[in-house]
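These notes are about the structure you will find just below.
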Amino acid sequence: MLKQIADIISPFIIELFDRSLCKGLFPATFKEASITPVLKKPGLDATSVSSYRPISNLHFITSSPVLSKLLECLVARQLMEYLSLADLVPPLQSGFRQGHFTETAVLRVLADILQAVDRGDLAALVLLDLSAAFDTVNHPVLLERLQQTFGIGDAALHWFQSYLSSRKQHVRRGPNVSSVTYLVCVVPQGSVLGPILCVLYSCIHLIS
Numbered sequence: 051m052l053k054q055i056a057d058i059i060s061p062f063i064i065e066l067f068d069r070s071l072c073k074g075l076f077p078a079t080f081k082e083a084s085i086t087p088v089l090k091k092p093g094l095d096a097t098s099v100s101s102y103r104p105i106s107n108l109h110f111i112t113s114s115p116v117l118s119k120l121l122e123c124l125v126a127r128q129l130m131e132y133l134s135l136a137d138l139v140p141p142l143q144s145g146f147r148q149g150h151f152t153e154t155a156v157l158r159v160l161a162d163i164l165q166a167v168d169r170g171d172l173a174a175l176v177l178l179d180l181s182a183a184f185d186t187v188n189h190p191v192l193l194e195r196l197q198q199t200f201g202i203g204d205a206a207l208h209w210f211q212s213y214l215s216s217r218k219q220h221v222r223r224g225p226n227v228s229s230v231t232y233l234v235c236v237v238p239q240g241s242v243l244g245p246i247l248c249v250l251y252s253c254i255h256l257i258s
């Protein structure tokens, strides 16, 4: 429906997004999510809560999630352009970056190990896996690091603070719906900005 009336409503959408960015406010109606539990992979115990990944269907109650996603895409594009131009993303960071994949990370690790072996050095590989990484993001810490480490301030920082604050969600499983819960941490899985913010949060801890 939005595509069919795009010519009519696009000026209003542009005005909405422009005001959101200039004033540093993320629309409150975009902050409610319906969580759909999805098995992380086939064969896991379906009766165990840890076997599921909570996928957020953002802006589920009030209308289509399209507008919320569009606004996040706009911010994500500007954020990544800024980080790239300012050379603030670690060069070996492969996750959620254009032109970087699991394969590029594996190839780099393998190349480093082979070069060390060729030189006669010892090579050791340490792998760390953050359990429920998206669920452990501390909002005050993330905002502080966005400001101090990545130089994001003023209206932009206020926008991210608004984006993260006062979020609420409920769990939907078939016809059953849980009560609404307000979030004090977490970046939403299923969002556009969630993975990027999680990467920045992880990078800053490695830098620290």
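In my numbering, the protein residues as written are 51 to 258. All C-beta atoms in this analysis are idealised placements derived from N, C-alpha and C, irrespective of residue type, glycine included. Computed from a predicted structure; not experimentally measured.
| Item | Value |
| --- | --- |
| Neighbourhood of L192 by C-beta distance below 6 Å, restricted to the same chain and skipping five residues each side | Y251 |
| Buried/exposed call for S113, threshold 16 Cβ in 10 Å | Any reading at S113 is ruled out, since the residue's pLDDT is 49, under 50, leaving its predicted position unreliable. |
| Ordered list of alpha helix (DSSP H) runs contained in the stretch 109 to 154, each at least 4 residues | 116 to 135 |
| Endpoints, the alpha helix (DSSP H) within which P87 is located | Premise fails: P87 lies in the beta strand (DSSP E), 82 to 89, not in any alpha helix (DSSP H). |
| Best match in L52, Y232, T231, Q219 for proximity to G240 [C-alpha to C-alpha] | Q219 |
| Three-state class that DSSP yields for Q54 in the structure shown | coil |
| Inter-residue Cα distance where the pair is L160 and S70 | 45 Å |
| Inter-residue CB distance, S144 and N107 (contact presumed, cutoff 8 Å) | Not a contact, Cβ separation roughly 28 Å. |
| Assigned secondary structure, V159 (DSSP; H/G/I helix, E/B strand, else coil) | helix |
| Neighbourhood of L75 by C-beta distance below 6 Å, restricted to the same chain and skipping five residues each side | S212 |
| Between the CA atoms of F80 and D171 - distance to the nearest angstrom | 53 Å |
| Three-way DSSP call (helix, strand, coil) for I202 in this model | coil |
| Range of the contiguous beta strand (DSSP E) that encloses V221 | 218 to 223 |
| Simplified DSSP state of R169, which is helix, strand or coil | coil |
| Status (buried if at least 16 other CB within 10 Å, exposed otherwise) for F151 | exposed |
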